[in-house]
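There are 2 protein chains.
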Amino acid sequence: MPPGQAALADHASPADQLQARLLDHTLRVLLRDGYQRFSMNAVAASAKASKETLYRHFGDKAGLLHAALERLAALIEPLLRDGLDDAPTSPARLRRLGRNYLHGCYLPEAIALQRIAIADGEQGLGPLFVREITERAIGFVEAEFAGLGSEHPRADAEAFLGMIQGKLHERIMLGTVLPDLDRRLDEQIDQALRVMAPYLTGLAENPRP
Amino acid sequence: MPPGQAALADHASPADQLQARLLDHTLRVLLRDGYQRFSMNAVAASAKASKETLYRHFGDKAGLLHAALERLAALIEPLLRDGLDDAPTSPARLRRLGRNYLHGCYLPEAIALQRIAIADGEQGLGPLFVREITERAIGFVEAEFAGLGSEHPRADAEAFLGMIQGKLHERIMLGTVLPDLDRRLDEQIDQALRVMAPYLTGLAENPRP
DNA sequence: ACCGTCCCGTACCGTACGGTACGGCTTGAC
DNA sequence: GTCAAGCCGTACCGTACGGTACGGGACGGT
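Here the protein sequences line up with chains A and B, keeping their order.
Take the position in the first sequence, starting the count at 1, then add 728; the result is the number in the numbering used here.
Take the position in the second sequence, starting the count at 1, then add 728; the result is the number in the numbering used here.
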């Protein structure tokens, strides 16, 4: 197997391997060219495949993007769980969860795909993104707040995620350049936890009956 | 009057009136057709103008969108200030400011334009959006937190805005339909202020020296 | 050895769009 | 009245893209 290729399953059928390769190149082209210059031709050229193959496997352009989004979601999901299995519920764990979320969310491929999903909401790509990625992340954090004794775990989860994304998210989406992204992400979480600290203290002192 | 810079005065020159009309139709078409189907032809048809006129006034497509964004920013700016002139600095004022921000931010035209700005960050439209709209709003809220005695007014402002936008912003951008938007916005602010309340109380009890 | 399936490469078609050109109309200045 | 400028409507050009068609090669099953 050529190095550098991200193969998911060891025993994938040739067809599955081909599809995975095509989707990897889809993400790569998306990342390299942005949405404007993204085209089926570019994907085919990058993957050294024929357009006919693309259409055979994915039907049309929307189908290809749909499949690429699902593949990305599959890649992000384990990132969310990283390093969380054994830790007990706690604010520190919240920090870790937040970092995981931001790191998955701001993978270059994730940014590129989210841009596309935003640009054409009508294709159903936007709702799919919400379902596959956003809602799943919210579910994680919601469980966390429930464990911390919140009376409104879902609302708290959305507030927390909104706060750690903050305006940084908007700037990233809008293409404002961002050197030092990792450091900015950590700062963002620090600020969010600072503002939220009194609330979390209140939760700890008055646990839900 | 010599053909100087476009003035926003009531007595605009015919050329300015025409430009304003063209930009209004630009926003309208953007809103109606979305980004995918947005075209110079559609704008010209909607405004019953000729393409030549569009190109004469705005140079090219990017120039038209640029001008439309600036016009939108000019429309949104007074919304931010609405009802705030006489109120003293207070958490209640914060709520009002948040509502104003969300209402301006989720004007249908603003959503459509932000989608475009996100889709092609390379055009410089994204950074322009950040400069003209995002940063301006942050500045407002920052002053508010400074008035409330925060030691990190800017970070607090970003956290507050991020929280009131929360995941609703992502869902809106991603095209998940949203009936009852106004009610959702109010809920969003309620939740944010609930989570932030202990922090604000702390600010009130320990004002900055 | 044969055949079906998949794939590559390339060529092709229709369409849609950005941008330009041109003829004719209206308007306002001198 | 005359002239220039701006505008409209339409037609036009080049290009790029989504999607299809076709010939030829490689592989696996029978």
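Positions of the beta carbon are idealized from the N, C-alpha and C atoms, including for glycine.
Distance CB(residue i)-CB(residue j) smaller than 8 Å
i, j, result
"Leu808 (chain A)", "Gly826 (chain A)", "no"
"Thr817 (chain A)", "Gly875 (chain A)", "yes"
"Ile846 (chain A)", "Ile892 (chain B)", "no"
"Ala902 (chain B)", "Val858 (chain A)", "Note that residue 902 (chain B) is Leu in the sequence shown, not Ala. Taking 8 Å as the Cβ cut-off, Leu902 (chain B) and Val858 (chain A) qualify as a contacting pair."
"Asp884 (chain B)", "Phe873 (chain B)", "yes"
"Glu870 (chain A)", "Arg882 (chain A)", "yes"
"Ala728 (chain A)", "Val771 (chain B)", "Given that chain A is displayed from residue 729 to residue 937, the structure contains no residue 728 (chain A) and the question cannot be resolved."
"Leu853 (chain B)", "Ile844 (chain B)", "yes"
"Tyr829 (chain A)", "Ile900 (chain A)", "no"
"Leu921 (chain B)", "Arg823 (chain B)", "yes"
Alpha helix (DSSP H) segment containing residue i, residue limits
i, result
"Ile900 (chain B)", "881-901"
"Gln919 (chain B)", "909-933"
"Ile839 (chain A)", "836-847"
"Thr817 (chain B)", "It is not in any alpha helix (DSSP H) - Thr817 (chain B) carries neither H nor E in the DSSP assignment."
"Thr781 (chain B)", "779-786"
"Glu798 (chain B)", "789-809"
"Leu853 (chain A)", "853-857"
"Arg864 (chain B)", "863-875"
"Val771 (chain A)", "768-774"
Integer Cβ distance of residue i from residue j, believed to fall under 8 Å
i, j, result
"Leu792 (chain B)", "Leu782 (chain B)", "6 Å"
"Asp761 (chain B)", "Gln764 (chain A)", "17 Å between Cβ atoms; not a contact."
"Arg756 (chain A)", "Ser774 (chain A)", "6 Å"
"Gly894 (chain B)", "Gly890 (chain A)", "3 Å"
"Asn699 (chain A)", "Lys779 (chain A)", "No answer is possible for residue 699 (chain A): the residues shown for chain A start at 729 and end at 937."
"Pro819 (chain A)", "Tyr927 (chain B)", "Not a contact, Cβ separation roughly 15 Å."
Contacting residues, own chain, Cβ-Cβ under 7 Å from residue i (five flanking each side not counted)
i, result
"Ala795 (chain A)", "Leu751, Phe786"
"Leu896 (chain B)", "Arg912, Gln916"
"Ala737 (chain B)", "Below a pLDDT of 50, predicted positions are generally treated as unreliable, and Ala737 (chain B), at 40, falls in that range; no measurement from the model is reported."
"Ala838 (chain A)", "Leu800, Ile804, Gly832"
"Leu931 (chain B)", "Leu876, Gly877, Ser878"
"Lys789 (chain B)", "Met768"
"Leu909 (chain B)", "Tyr834"
"His753 (chain A)", "Val771, Ser774, Ala775"
"Gln919 (chain B)", "none"
"Asn934 (chain B)", "none"
"Asp814 (chain A)", "none"
Beta-carbon contacts of residue i that lie in its chain and below 8 Å, excluding the five residues immediately before and after
i, result
"Glu860 (chain A)", "Leu797, Glu798, Ala801"
"Arg864 (chain B)", "Ala801, Glu805, Leu808"
"Leu812 (chain B)", "Arg821, Arg824, Leu825, Asn828"
"Ala840 (chain A)", "Leu755, Leu758, Leu759, Gly762, Tyr763"
Spatial neighbours of residue i in its chain, beta-carbon cut-off 6 Å, leaving aside the 5 residues before and after
i, result
"Asp810 (chain B)", "Asn828"
"Gln904 (chain B)", "What sits at residue 904 (chain B) in the sequence shown is Thr, not Gln. Closer than 6 Å at Cβ, skipping near neighbours: no residue."
"Pro836 (chain A)", "Leu759"
"Ile866 (chain A)", "Ala885"
Residue i CB to nearest heavy atom of the ligand SAH below 7 Å
i, result
"Tyr834 (chain A)", "Summarising the ligand content, the structure contains no ligands, and the ligand SAH is consequently not present."
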